[in-house]
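Be aware that the sequence shown starts at 514, since it is given in our numbering, and climbs by one per residue.
Single-structure report; data block below.
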Amino acid sequence: MLATPKRVISLVPSWTETLLAAGIILVGRTRFCIHPQKTVADIPVVGGTKDWNWDKLLATKPDLILLDREENARFMGEQTDIPCHVTHVTSLEDMAATFADLASLLANDKLQQMAERCHTLLSLQKKPWQPETPLPALMEWGRQPVRPPEKILYLIWRKPWMAVSRECFIGDSLSRLGVEITHFDERYPVIDLDAFDPETTLLLCASEPYPFHAKKQLLAELPFAHAFVDGEWLSWYGIRSLEFLERELGR
514 MLATPKRVIS LVPSWTETLL AAGIILVGRT RFCIHPQKTV ADIPVVGGTK
564 DWNWDKLLAT KPDLILLDRE ENARFMGEQT DIPCHVTHVT SLEDMAATFA
614 DLASLLANDK LQQMAERCHT LLSLQKKPWQ PETPLPALME WGRQPVRPPE
664 KILYLIWRKP WMAVSRECFI GDSLSRLGVE ITHFDERYPV IDLDAFDPET
714 TLLLCASEPY PFHAKKQLLA ELPFAHAFVD GEWLSWYGIR SLEFLERELG
764 R
């Protein structure tokens, strides 16, 4: 039987926050692992999500590196002999299963409890969202729609404009909260906003990875109804999204 890892590096910001909430001691993190602020300040930074400082990483003497298929560069798990655990979360079901996998890997009861909490949410579903009801993860409205939108675009980038398809964790979470974002053949497509009707399209402008909330004037110049939403609540699978979904689905 393999020994339980004791010197873990997390290169996934949302899993860093989750493992710390479960009482796991981490020996390394990325510069994007910012929650919880006071705790992560004492954890050595070994790089970013797409690159790492090999010398700094080795200096922590890790016995496990936690990666994610979409968050991290593929080479990061291929160029090291240090054991790696790679996650891939595209739905609430995936998140529940990953909680359980990490609980087993790290022999941690709190992670198992998170898995069980996640399972209780799987049967919950909110009614379709309407403009007169609260919008999940809303930070503030830029321009409210006057009628139910026919298309909802969840924007994550500008120059080029990029959106998220419903076949991903963000889309699955929003769907459970009654918000159906537009389907695309790709998970994170480059889009042409001119191809959408401003009269029937709502833009959800995420706070990350692109800081749309800091570009309010830019969005105000567009003819679309738009809202600024908290990207961490919707995309940080782990304890943050679990607690967010518990609050929203419990209402």
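Note that beta-carbon positions come from the ideal geometry of N, C-alpha and C, so glycine has one too.
Since we're looking at a predicted model, the values are computed, not measured.
### Task
State yes or no: is the C-beta of residue 580 within less than 9 Å of the C-beta of residue 618?
The Cβ-Cβ distance between residue 580 and residue 618 does not fall below 9 Å.
### For residue 711 and residue 678, the rounded distance between their alpha carbons
Between the C-alpha atoms of residue 678 and residue 711 there is a straight-line separation of about 19 Å.
### Task
Note the first and the last residue of the continuous alpha helix (DSSP H) segment covering residue 528.
526 to 534 is the extent of the alpha helix (DSSP H) around residue 528.
### Task
Round the Cβ separation of residue 637 and residue 535 to the nearest angstrom and send it over; I've been treating them as touching at under 8 Å.
That belief does not hold up - the Cβ atoms of residue 637 and residue 535 are roughly 23 Å apart, past 8 Å.
### Task
Confirm, please, whether the CB-CB distance from residue 686 to residue 754 is below 9 Å.
It is a contact, given that the beta carbons lie within the stated cut-off.
### Task
Counting only the same chain and skipping the five closest in sequence on each side, list residues whose C-beta sits under 7 Å from that of residue 514.
Low per-residue confidence applies at residue 514: pLDDT is 45, beneath 50, and the placement is therefore not dependable, though the value from the model is reported in the following sentence. In its chain, beyond the 5 residues on either side, no residue has a beta carbon closer than 7 Å to the beta carbon of residue 514.
### Message
Beta-carbon within less than 7 Å of residue 517's beta-carbon, same chain only, minus the 5 sequence neighbours each way: which residues are those?
### Response
Only residues of its own chain outside the window of five on either side were considered, and among them 619, 620 have a CB closer than 7 Å to the CB of residue 517, listed in chain order.
### Three-state secondary structure assigned by DSSP to residue 691
Reduced to three states, the DSSP call for residue 691 is coil.
### Task
Give the C-beta separation of residue 650 and residue 628 to the nearest angstrom, bearing in mind that I take them to be a contact with Cβ-Cβ under 8 Å.
That belief does not hold up - the Cβ atoms of residue 650 and residue 628 are roughly 23 Å apart, past 8 Å.
### Task
Compare the Cα-Cα distances from residue 602 to each of 564, 594, 585, 558 and report the closest residue.
The shortest Cα separation from residue 602 among 564, 594, 585, 558 belongs to 585.
### Rounded separation between residue 520 and residue 571 - CA only
So the two alpha carbons sit approximately 11 Å from each other.
### Query
How should residue 635 be labelled, buried or exposed, when 16 other C-beta atoms within 10 angstroms of its C-beta is the threshold for buried?
Flag for residue 635 reads exposed.
### Message
If contacts are defined as beta-carbon pairs under 8 Å, then residue 522 and residue 559 qualify, I think. What distance do you get, rounded to the angstrom?
### Response
Correct: roughly 6 Å between the Cβ atoms.
### Query
Cβ atoms of residue 704 and residue 673: under 9 Å apart, would you say?
If you check the CB distance, residue 673 and residue 704 come in under 9 Å.
### Task
Give the straight-line distance between the Cα atoms of residue 537 and residue 743, rounded to the nearest whole angstrom.
Cα-Cα distance, rounded: 26 Å.
### Message
Would residue 622 and residue 616 qualify as a contact pair, given that the criterion is a beta-carbon distance under 9 Å?
### Response
For residue 622 and residue 616, yes; Cβs fall inside 9 Å.
### Nearest neighbour of residue 591, chosen from 719, 706, 740, 564 [CA to CA]
Cα-wise, what sits closest to residue 591 is 564.
### Message
Assuming the contact rule is C-beta atoms closer than 8 Å, residue 526 and residue 547 should be a hit. Round their C-beta distance to whole Å, please.
### Response
A Cβ-Cβ distance of about 7 Å is found for the pair residue 526 and residue 547, placing them in contact under the 8 Å criterion.
### Query
Using a Cβ-Cβ cut-off of 7 Å (strictly less than) and excluding sequence neighbours within five positions of residue 746, which residues of its own chain qualify?
Counting only Cβ-Cβ distances below 7 Å, and skipping sequence neighbours, we find 650, 753, 754, 757.
### Query
Taking the runs of the alpha helix (DSSP H) that are 4 residues or longer, which of them lie wholly in the stretch 539 to 607?
Assignment of alpha helix (DSSP H) within the stretch 539 to 607, counting only whole runs of 4 or more residues, yields 550 to 553, 567 to 572, 588 to 591 in chain order.
### Residue of 600, 540, 543 minimising C-alpha distance to residue 614
When only C-alpha atoms are compared, the closest one is 600.
### Task
Give the DSSP bridge partners of residue 740, in chain order.
Checking the DSSP bridge columns, you'll see residue 740 partnered with 654, 717.
### Task
Would you grab the beta carbon distance between residue 697 and residue 676 for me? Rounded to a whole angstrom, and I think it's under 8 Å.
Contact between residue 697 and residue 676 holds: their C-beta atoms lie close to 7 Å from each other, under 8 Å.
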